[in-house]
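*Asks:* Questions regarding the structure given below will be posed in turn.
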Amino acid sequence: MAYKLERMLWQQVRDTVPDMIDTVVLPIGTIEAHGAACLGTDVFIPEDISEFVCDKFNFIKAPPIWYGITKSLLDYPGSLTVEPETLKNYVMELLKSFQRHDFKKVIIMNGHGGNNSVLKECASEAFRVMRLKVAVIHWWIMCSEVTREVYGMEGGHAGIDETGYVVALDPSLADKKRYRRNLVYENVTGSDVYPVPGTVLLYNEKGEGEPDFDHEKGVVFAEKVKEKVANAIKYIMDRWKANLE
Numbered sequence: 000m001a002y003k004l005e006r007m008l009w010q011q012v013r014d015t016v017p018d019m020i021d022t023v024v025l026p027i028g029t030i031e032a033h034g035a036a037c038l039g040t041d042v043f044i045p046e047d048i049s050e051f052v053c054d055k056f057n058f059i060k061a062p063p064i065w066y067g068i069t070k071s072l073l074d075y076p077g078s079l080t081v082e083p084e085t086l087k088n089y090v091m092e093l094l095k096s097f098q099r100h101d102f103k104k105v106i107i108m109n110g111h112g113g114n115n116s117v118l119k120e121c122a123s124e125a126f127r128v129m130r131l132k133v134a135v136i137h138w139w140i141m142c143s144e145v146t147r148e149v150y151g152m153e154g155g156h157a158g159i160d161e162t163g164y165v166v167a168l169d170p171s172l173a174d175k176k177r178y179r180r181n182l183v184y185e186n187v188t189g190s191d192v193y194p195v196p197g198t199v200l201l202y203n204e205k206g207e208g209e210p211d212f213d214h215e216k217g218v219v220f221a222e223k224v225k226e227k228v229a230n231a232i233k234y235i236m237d238r239w240k241a242n243l244e
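Residues 0 to 244 (numbering that gives the first Met the number 0) make up the sequence shown, in order.
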């Protein structure tokens, strides 16, 4: 059973945490341009993964953080950002609140690369100062082999992996008719470019990873991603229990 924090009564939380459930999952992403996929891609994906994980392991899912650190794509209409210190302070305040209400473990389900370093800092500080056990999951990095397995190539920002997943969630979250090859920017090694001249960003030398809008293939991909992430979380939890509890 998946618990959603915002749908619970405070009495239910009191009666459930920590004796029955001691783990909360926090999805986080940002709002930014994603080729021919929706601006909310970086939140929709980790939220879906979080719901799967919470259902599988009987965790509680917190409402997502929609706003993160958008950098090189900020000039594209609809892209939003917060400063790194703002995100860190916000996440840390939430972690303090989770601790206050007796959660012992937090899974931060991240959907956006711009957040990586700040979330790592938050996890480290929450452990050192609050003694919380925190795992930050960057799903697209963890599941790179799944992308190769299903699509036969690497992914990228708004590429075959992210677009495939949102199409699996809802085909209306992407629009193949709006896709053009000139949306693609293949990263030039040794350069940092602001604003980046494209909203589909590929990072491999072969130029692989353009979006795939096949719904059925996307469903296969999304299911494999969720299982991969769930297995990794189970492994982390098992090792915490074996060595620290």
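We put the beta carbon where it would ideally sit given N, CA and C, even for glycine.
Can you round the beta-carbon distance between residue 296 and residue 21 to whole angstroms, since I take them to be within the 8 Å contact cut?
*Replies:* Residue 296 is absent from the model: the chain starts at 0 and stops at 244.
*Asks:* Using the C-alpha atoms, what's the distance from residue 241 back to residue 107?
*Replies:* C-alpha separation (whole angstroms): 21 Å.
*Asks:* Which stretch, first to last residue, makes up the alpha helix (DSSP H) that contains residue 85?
*Replies:* Counting along the chain, the alpha helix (DSSP H) containing residue 85 begins and ends at 83-99.
*Asks:* Which term fits residue 76, buried or exposed, when burial requires 16 or more other beta carbons within 10 angstroms of its beta carbon?
*Replies:* exposed
*Asks:* Please report the straight-line C-alpha distance between residue 39 and residue 216, rounded to a whole angstrom.
*Replies:* 21 Å
*Asks:* Can you give the beta carbon distance from residue 95 to residue 129, rounded, assuming they're within the 8 Å contact cut?
*Replies:* 7 Å
*Asks:* Ends of the beta strand (DSSP E) at residue 26?
*Replies:* 22-27
*Asks:* Out of 121, 188 and 33, state which residue places its alpha-carbon closest to the alpha-carbon of residue 25.
*Replies:* Selected option, being the one with the closest Cα: 121.
*Asks:* If we count the other Cβ atoms within 10 Å of its Cβ and call it buried at 16 or more, is residue 156 buried or exposed?
*Replies:* Residue burial annotation: residue 156 is buried, with at least 16 other C-beta atoms found within 10 angstroms of its C-beta.
*Asks:* Apart from the five residues on each side of it in sequence, which residues of its chain come closer than 6 Å, Cβ to Cβ, to residue 200?
*Replies:* 155, 156 and 184
*Asks:* The beta strand (DSSP E) with residue 242 in it runs from where to where?
*Replies:* Here residue 242 belongs to no beta strand (DSSP E); instead the alpha helix (DSSP H) covers 214-243.
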